[in-house]
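See below for the structure under consideration.
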Amino acid sequence: MKWMKIFFLLLMIVCSQAGVLWAKSILVHTNILNVRHQPEGNKIGRVYRGEQFIVLQEQKGWGKIRFLYDQHGWISLQYTKRLVQNAKISIQSFCQKLNQEFDQLQWKNIRCHEKDWQANMQSVNGNPLIYTVVGKQLPVTLLLCSVHSDENTTYQCLRLLQLLHQQPELLDHRVVIAPLVNPDGFLKKYKTRTNARKVDLNRNLPTKDWRFKALKSWRDRYSSNKRRYPGNTANSEPENQFVIDLVQRFNPDKVISIHAPMNFLDLDYLDSSKTNQKQRIVLKKAEALAVRFSKESRYKFLNYRTFVGSLGRYGKEWKIPIYTLELPSADYTKSEFYFQTLKQSLFHAFNVILDQRRTAQIVPVKPNTIN
Ligand SMILES: [Zn+2]
Numbered sequence: 005m006k007w008m009k010i011f012f013l014l015l016m017i018v019c020s021q022a023g024v025l026w027a028k029s030i031l032v033h034t035n036i037l038n039v040r041h042q043p044e045g046n047k048i049g050r051v052y053r054g055e056q057f058i059v060l061q062e063q064k065g066w067g068k069i070r071f072l073y074d075q076h077g078w079i080s081l082q083y084t085k086r087l088v089q090n091a092k093i094s095i096q097s098f099c100q101k102l103n104q105e106f107d108q109l110q111w112k113n114i115r116c117h118e119k120d121w122q123a124n125m126q127s128v129n130g131n132p133l134i135y136t137v138v139g140k141q142l143p144v145t146l147l148l149c150s151v152h153s154d155e156n157t158t159y160q161c162l163r164l165l166q167l168l169h170q171q172p173e174l175l176d177h178r179v180v181i182a183p184l185v186n187p188d189g190f191l192k193k194y195k196t197r198t199n200a201r202k203v204d205l206n207r208n209l210p211t212k213d214w215r216f217k218a219l220k221s222w223r224d225r226y227s228s229n230k231r232r233y234p235g236n237t238a239n240s241e242p243e244n245q246f247v248i249d250l251v252q253r254f255n256p257d258k259v260i261s262i263h264a265p266m267n268f269l270d271l272d273y274l275d276s277s278k279t280n281q282k283q284r285i286v287l288k289k290a291e292a293l294a295v296r297f298s299k300e301s302r303y304k305f306l307n308y309r310t311f312v313g314s315l316g317r318y319g320k321e322w323k324i325p326i327y328t329l330e331l332p333s334a335d336y337t338k339s340e341f342y343f344q345t346l347k348q349s350l351f352h353a354f355n356v357i358l359d360q361r362r363t364a365q366i367v368p369v370k371p372n373t374i375n
């Protein structure tokens with residue numbers, strides 16, 4: 005069967021060169037869509053506008069998806085929209101822009117190098133949404149920086165990659181790094197929390213309660229605070245579609261998202277109800293990791309609440325431990341100091357396995373290797 009392997013390898017190379025996708029990601033494009041046991045079969049669940057999935061199998065206009073963390077079913081693809089992804093987005097001029105910005109911030113220790121990153125999606129303003137895959141062994145940790153671009157956390161992600169290039173032996177497992185989730189907010193003259201369409205990305209993720217709660221709670225609880233605008237519909241922003249695509253494709257056993265300036269570590273994983281024995285074991289491990297992280301790095305570990313459309317709530321729904329690390333300030337002159345206090349704890353977190361089941365990577369991706 006060796007020739008078969010060679011054939012598929014060649015096919016993948018041809019496909020990637022031609023800009024063909026390695027996975028079909030779709031968005032639900034109607035308010036409510038039934039999930040069925042098989043095409044035209046019995047209803048087994050529902051999905052909602054803005055929810056995003058990978059099509060695992062296709063059959064006469066129907067697509068098989070993982071619609072909950074442990075359940076699969078079929079939906080009619082005519083009520084979905086395919087995500088536009090392109091394997092060949094130029095990163096070179098983007099890196100030049102970033103490096104100018106880093107110079108302005110006097111971030112002397114970091115540089116954006118085109119060869120370090122890949123991108124298959126773009127922001128509202130057309131900037132590449134860059135990420136990289138480092139390390140081989142599963143499971144995967146997903147690390148996100150600059151969801152809110154006025155918090156200056158991109159430094160932590162780039163500095164970490166630089167250290168990994170110098171000392172690859174520090175990493176036992178795979179980490180996927182997305183260093184600048186909100187590039188449009190970062191490249192503005194005055195950096196913004198929100199993206200180019202003035203949406204708070206951490207209120208726009210497709211949580212199940214979004215359609216009936218997001219705009220209402222924004223108006224009632226947050227007095228329509230512009231910094232927390234959740235958007236018109238769930239997951240309307242390409243930056244969030246990028247994040248969900250990474251989560252769905254790499255199936256991480258934990259996500260670490262770096263923010264500022266609240267100075268704590270927060271863990272979101274399980275709702276108190278509907279948990280099973282396995283999940284409670286993962287929770288214990290996840291909490292032990294948070295306690296250790298907190299001791300080493302001196303970030304207070306607390307149980308902060310989640311919000312409609314936030315990553316924490318999405319993680320609870322998908323049973324993925326989400327660590328939100330809030331740096332003490334957005335002061336960019338302290339970025340290197342913060343990195344030094346964090347780096348050891350971050351590596352420990354990457355190297356801890358929380359959930360053995362989360363080892364399957366759903367679709368192949370073009371791997372980056374450490375140079
Ligand atoms: Zn933030």
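Residues 5 to 375 (the numbering used here) make up the sequence shown, in order.
Just so you know, even glycine gets a beta-carbon here, dropped at the ideal spot from N, CA and C.
These numbers come from a predicted model, not from an experiment.
Residue i, DSSP secondary structure in three states
| i | result |
| --- | --- |
| GLU243 | helix |
| ARG302 | coil |
| GLN122 | strand |
| ILE285 | helix |
| ILE114 | coil |
| TYR336 | helix |
| GLN252 | helix |
| THR310 | coil |
| HIS76 | strand |
| PRO210 | coil |
Which residues DSSP lists as bridging residue i, in chain order
| i | result |
| --- | --- |
| GLU381 | Here the chain covers residues 5 to 375 and nothing more, so residue 381 does not appear. |
| LEU146 | VAL180, VAL259 |
| GLU62 | GLY67 |
| ARG86 | ILE30 |
| GLN56 | LEU31 |
| PRO2 | Within the shown structure, residues of the chain are numbered from 5 to 375, placing residue 2 beyond reach of any answer. |
Bounding residues of the alpha helix (DSSP H) (the contiguous stretch that carries residue i)
| i | result |
| --- | --- |
| HIS352 | 339-355 |
| TRP322 | 315-322 |
| ARG225 | 214-226 |
| THR158 | 158-170 |
| ASP204 | Element bounds for ASP204: n/a, residue is neither H nor E. |
| GLY189 | 187-190 |
Heavy atom of ligand 1 within 7 angstroms of residue i beta-carbon
| i | result |
| --- | --- |
| VAL180 | no |
| VAL151 | yes |
| GLU243 | no |
| GLU155 | yes |
| HIS263 | yes |
Endpoints, the beta strand (DSSP E) within which residue i is located
| i | result |
| --- | --- |
| ARG40 | 36-40 |
| SER29 | 29-32 |
| SER97 | Unbroken run through SER97 is the alpha helix (DSSP H), 96-108; no beta strand (DSSP E). |
| TYR52 | 47-52 |
| THR136 | 136-138 |
Classification of residue i by the beta-carbon crowding that lies within 10 angstroms, buried from 16 upward
| i | result |
| --- | --- |
| LYS304 | exposed |
| ALA292 | exposed |
| ASP359 | buried |
| ILE69 | buried |
| TYR52 | buried |
Ligand 3 heavy atom lying under 7 angstroms from the CB of residue i
| i | result |
| --- | --- |
| TYR273 | Ligands displayed in this structure: ligand 1; ligand 3 is not among them. |
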